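Below is one structure, written out as structure tokens, with a few remarks after it.
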Amino acid sequence: MSELGLAGRAPAAAAPVGRRRTGNRSLGRLVRTQPLGAVALALITLFVLAAILAPVIAPYDPVAQQREHFLQLPNAQFLMGTDDLGRDIFSRVLYGARTSLLVSVATLAAGGAAGIAIGVLSGYFGGSWIDTALQRVMDTLMAIPGIVLLLFIAALLGPSVRNTIIALSLLVIPSFNRVARGEMLRIREELYIESAKASGCSTWRILRRHGLPNLMAPLLVVTSLLFAIVIIAESALSFLGIGTPPPTPSWGAMLSEGSRYMEIAPWMVVFPGGVLTVAVLAFNLLGDALRDFFDPKQGPRK
């Protein structure tokens with residue numbers, strides 16, 4: 033997971049003054065030049081809206097048991113059928129999206145902040161004892177297989193949303209570190225960095241004003257790709273029973289519960305599995321589109 037090959041270089045150091053609609057124009061270019069990325073962005077938007085509006089959209093309480101509706105086929109009343117406890121699968125899928133979104137955002141925020149900080153410092157002081165010490169710690173994390181690290185931490189801390197976030201955060205730190213360090217090693221050689229040093233700017237000011245802004249493009253790409261990985265990892269932990277604890281809805285837990293009824297109630301697996309597949313595919317497509325969009329080898333974007 034930490035060996036992500038990410039093409040692309042950072043944008044220019046400073047944006048032209050007075051151009052307030054650069055973000056809108058960039059989004060328009062992305063839609064025109066990367067149609068699959070535009071479709072993926074639309075799917076992700078739907079995913080986020082469904083997660084946020086789940087309390088409004090869901091027709092039933094996702095944890096309420098209705099024994100009289102045990103293993104109901106999909107119908108007008110239960111759009112995706114019911115599970116072995118009579119719970120509405122459609123409502124649980126919607127709330128499962130909230131769980132995945134919460135875990136993914138919190139994981140990437142915590143792991144990203146740590147990984148970027150380590151990578152930026154390591155890259156700026158490349159070759160020094162600071163770089164060596166930080167990278168030995170990262171090498172240690174990368175030497176441990178991701179699934180082993182996840183299982184160990186999750187089993188050690190116990191099943192909960194918070195502990196799942198902690199375990200996944202440690203998993204994504206090396207990926208952010210590698211991207212941030214690699215780009216920072218290049219950026220620190222630029223003339224504007226030398227000029228900032230010559231003018232007496234502090235290290236913190238150089239990193240804040242010149243380093244971090246030029247890291248945004250590659251970090252945006254790696255964040256999109258890691259979003260898909262985190263969703264899969266959270267679902268895997270929940271499937272194994274050491275992630276999000278029941279009765280909190282989780283796509284992985286729903287797949288685990290439905291696997292026992294595959295022959296008589298396949299809809300218990302088809303719907304959560306299908307939604308999980310579409311969400312992961314959308315984030316991967318968006319990551320690929322952003323990588324191509326920021327790649328200078330693609331030629332000038334008009």
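So our numbering is basically just the index in the sequence shown, starting at one, shifted up by 32. Built from N, CA and C at the ideal position, the CB exists for glycine as well. These numbers come from a predicted model, not from an experiment.
**Prompt:** If you count every other CB in all the chains shown that lies within 10 Å of the CB of Thr-196, and 16 or more means buried, which is it?
**Reply:** buried
**Message:** Measuring CB atoms only, is the segment 124–131 touching the segment 229–243, in the sense that at least three cross pairs come out at less than 8 Å?
**Reply:** no
**Request:** May I have the straight-line CA-CA distance separating Val-80 from Arg-168, to the nearest angstrom?
**Result:** 37 Å
**Request:** Taking 7 Å as the cut-off, decide whether the C-beta atoms of Pro-206 and Leu-173 are in contact.
**Result:** Cβ distance < 7 Å, so Pro-206 and Leu-173 count as in contact.
**Helix, strand or coil at Asp-171 [DSSP, three-state]** = helix
**Prompt:** From Arg-130 to Met-294, what does the alpha carbon distance come to, in whole angstroms?
**Reply:** 25 Å
**Message:** With a threshold of 8 Å on Cβ separation, who are the neighbours of Pro-304 within its own chain once the five nearest residues in sequence on each side are excluded?
**Reply:** Ile-121, Arg-124, Val-125, Gly-128, Trp-283, Met-286, Leu-287 and Gly-290
**Buried or exposed (CB count within 10 angstroms, at least 16 for buried), Val-88** = exposed
**Message:** Using a 10 Å radius around the Cβ and a threshold of 16 neighbouring Cβ atoms, would you call Gly-143 buried or exposed?
**Reply:** It is buried - the Cβ of Gly-143 has at least 16 other Cβ atoms within 10 Å.
**Request:** Name the two residues that bound the continuous alpha helix (DSSP H) containing Ile-176.
**Result:** Premise fails: Ile-176 is in no alpha helix (DSSP H) and is neither H nor E.
**Asked** What is the DSSP secondary structure of Asp-163, counted as helix, strand or coil?
**Response** helix
**Message:** Pull the bridge partners of Thr-114 from the DSSP assignment, please.
**Reply:** Asp-120
**Message:** Which of the three DSSP states is assigned to Asp-93 in this structure?
**Reply:** Here Asp-93 sits in coil by DSSP.
**Item:** Option nearest Glu-221 by Cα separation, candidates Leu-62, Tyr-156 and Leu-272
**Value:** Tyr-156
**Nearest-angstrom Cα separation, counted from Leu-103 out to Thr-114** = 5 Å
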